Every structure is written in C-alpha cells, then in structure tokens.
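Beneath this line is the structure, given in structure tokens, with notes to follow.
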Amino acid sequence: MDRQSFYFFDIDENILHLPTRIHLLNTMTGEEQAMRQHEYEDIKAYLGVPGLWEDWADPPARAYREFADGKDRNGEEYLLRDVRRALDTASWKGPSWEIFKYAVLKRRPVAIITARQHSREIIREGLKLLVEHGHLPEEPNYLAIYPCSNPEIRDELGPHLTTAGLKRRAIRQCVEMGLEQYGRQLPHSFGMSDDDLKNVDLITSAMLESKLDHPDKRFFVISTNRRRHVKMEILPPHKDEEKLRAAEDAYYG
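When you read off a place in the sequence shown, starting at 1, and then add 6, the result is the number in the numbering used here.
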C-alpha cells in the first residue's frame, strides 16, 4: 500500500456555488422571506434587533429546510434541484473546484464535511450529477461523508456539540479513518480547504490536534477566501508553546 494524500471538502462556497435559500420568518405577520446564504450572512446579526429586521427570526426547522432532505412544491429534492440549477449557470464552480476535480481525477481519498443536514445518500446523489453532466469522469473515491447537522450524524459524532464542534470532530474522525484504511505506518498527508475564515480557524485547530497525535504525518489547510488565498502546513508547536498549553490546560481544567 502506498502513501496517500487525503482531501477534505465543504460543499457550499467551496466546491460549488449553490442557490439554496434560507427562509426567514416575520414573527408578527407570519410572512416568510427567502434569501441566498451570502445575503443572510450580511443581515443575520440584525435579526430581532430594533430596526429593519427587528420582527424577523430564523427558526432552524423552517429557515434551513432547503439544507435538509426534502422536496419542494414541484416534488424535486432540494439538493438535487439546486445542483441542477447551479450547473445551468456560468458561476457554479466554487473556489476549491479545481482542487476537488484534481483529487477525483487522481483517485485520491475524498471526505465531504459540511454543515448541511442532508443524508449521506442525498449528498452522494447530488455530487453524482457532476458526473452525469460531464464535469467529472467518475464519482470521488469517498473516504467519508459527514453532513454534520443531520440528526443521525449528530448522534454519531456527539449530540452535545455545536456545529463547529461537530465539524471539528468529523475532521479528526476522517483522519483516523484514513489511517485505518490506508496504513498507519505510512507518511500520509491530509488537507482541507474552506473560504470562510472562521472555518479555516476551526480546521486549523482540528489539524493541529491530529498533528500532535500523528507527528509523522503532514497536515495542510487551504484558505480559498478572496482576501487570503493561501496553503498552510500545520507544524508541531515549539516546546515552549507546549509548556504554555499544558499550563493553560492545568489552570482552566
């Protein structure tokens, strides 16, 4: 068995730009307003705050229904509909598309780690559409699929964890799965990309934990953010940093 390079990807704004909408609820009138994810990110801090958005809320069961398994009024599965719609546009490729395509072409082990709530089966069906539309020659060589907000996956990873904690746990588990399947003794490398700087910090933390567990392996974080497009290798902390970390752990319990 040979050394492997493992690739971990998010879906939204990473591999693909999808038109999935978030549905806000007007708590006074019951009216709904749908918007794209980037639009929601711009106003979410103002929900419930005096001003333009004070009567609006984002109750999870209603707001994120298009990010879970389910069908629209035409009977189309949300994710499959949105992938098809995206592929009809000129801007469907996310910032990590070329890296993802390379990993597929080279048959590298690929993990999908996303905050979406879909089942693993629906995510696989959605990405299979990329093959059917001629954008990939075959499906990825899947190591794992972790839709972290799916109730079954939450139970699997840890129901008490936040979404960030779930993604962090999923990254760690994918590393262990890769080592188990492809040989713990080999000098494998692992990398994950994301455009969201908060997620980049989360990935960096998870990769550092894995580096401490497996110092002979290599770990990379790729930031595809427009302001900071960089590839970083995670290195073990300096001895003084290890002492400081140990002291902090002892102090804070």
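Every residue, glycine too, gets a C-beta built ideally from N, C-alpha and C.
These numbers were taken from a predicted model, which means no experiment stands behind them.
Distances from the alpha-carbon of L241 to those of S229, T210 and T230 put T210 closest. For the pair Y108 and G57, the Cα-to-Cα distance works out to about 47 Å. Look at the beta carbons and you see the region 140-156 not touching the region 38-49: under three pairs across the two are nearer than 8 Å. Counting C-beta pairs closer than 8 Å gives three or more between the region 194-203 and the region 98-112, which meets the contact rule. P115 counts as buried, since at least 16 other C-beta atoms from the protein chains shown sit within 10 angstroms of its C-beta. When DSSP reads this structure, M238 sits in a beta bridge with V227. Distance from A121 to H23 at the Cβ level is roughly 16 Å; contact not present, criterion being Cβ atoms closer than 8 Å. Beta-bridge partners assigned by DSSP to A150: A117. Residue state for K77 is assigned as strand, using DSSP reduced to three classes. Separation of H44 and R174 (C-alpha to C-alpha, rounded to the nearest whole angstrom) is 23 Å. Between E215 and R178 the beta-carbon gap is near 6 Å, inside 8 Å, which marks them as a contact. The shortest C-alpha to C-alpha distance from K217 to any of L185, T230 and S229 is the one to L185.
Taking the Cα of L208 as reference, the smallest distance to any Cα among A170, A40, P143 and Q10 is reached at A170. For a cut-off of 8 Å, the C-beta gap from V110 to P146 is around 5 Å, short enough to register as a contact. Per the coordinates, the alpha-carbon of F12 lies some 45 Å from the alpha-carbon of D61. Non-local beta-carbon contacts of S229 in its own chain, meaning distances under 6 Å to residues more than five positions away in sequence, involve V206 and V236 in chain order.
Sequence-distant partners of F73 (beyond 5 residues in either direction) whose C-beta falls short of 7 Å from its own C-beta, in its chain, are T26, R122 and Q123.
If you draw a straight line from the Cα of Q39 to the Cα of L30, it comes to about 5 Å.
DSSP places Q179 within a helical segment (H, G or I) once states are collapsed to three.
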